[in-house]
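In our numbering, the protein residues as written are 6 to 249. Think of the CB as a built atom: it goes at the ideal place given N, C-alpha and C, for glycine as much as any other residue. Just so you know, these numbers come straight off a predicted model, no measurement behind them. Working notes, structure below.
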């Protein structure tokens, strides 16, 4: 069970504590997150709505980032986490704590300052990946993971999480076509099946925050789904803005 106090931090997108907007793209390997975050960045920057946002928040930008690796310290942590050539087996709890350290640095040095100035932040992975990969994938205690996430984030949760869902075997095949695989991509099929099941549980548990996107479709079709969902949410979050 997730402690109620922690749970309250993790499913409250309507409680907007910063003027900015925090959108996360999640998914298993080969789900197309990197492609779609770039497309969403370009689409938002060209949309008239963003000009309205900048009129209200002159310092607002559209920023893209990722976890792990969204800061210089995070880059060093990412290298350790994903190194497929290490002779030492990484222990599951060590892996979990490295992700938490990356996130704590990322939130305080990058995410929170950007949101305070009114920016739209697009992030490739965040807390739900830790629950899915280290919780459901590795089998670590879910309550512990949620508490670590709450500590690392200081309560900062996404306003919207887009879960790019694709069949595990299709996703892994896409990943193999890109070239060499990192340490997590090399994990067993069963591991990745458990990760996908974890995302399914999270989407059911937090329906206000997490929206499933069918990532089995062509990139243009996936992008259209993403854009539709994002615009619907932006209009809900900023009702005082005229419809561009």
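- According to the DSSP assignment, residue 219 belongs to no alpha helix (DSSP H) but to the beta strand (DSSP E) extending over 215 to 219.
- Spanning the alpha carbons of residue 43 and residue 231 requires a straight line of approximately 12 Å.
- Put simply, of 118, 203, 173 and 106 the residue whose alpha carbon is nearest the alpha carbon of residue 194 is 173.
- When the alpha-carbon of residue 224 is set against those of 151, 35, 150 and 26, the nearest one is in 35.
- Runs of the alpha helix (DSSP H) lying entirely within the region 136 to 163 and spanning at least 4 residues, in chain order: 147 to 158.
- Bridge pairing for residue 27: 126 [DSSP].
- Between the beta-carbon of residue 125 and that of residue 168 there is about 19 Å, and that puts the pair past the 8 Å contact cut.
- According to DSSP, residue pairing for residue 48 in a beta bridge does not occur.
- Judged by beta-carbon spacing, residue 45 lies within the 9 Å limit of residue 127, meaning their Cβ atoms are closer than that value.
- The beta carbon of residue 201 is closer than 6 Å to those of 33 and 173 in its chain, skipping five residues each way along the sequence.
- Collapsing the DSSP output to three states places residue 79 in a helix.
- Our two residues, residue 100 and residue 86, have alpha carbons roughly 7 Å apart in a direct line.
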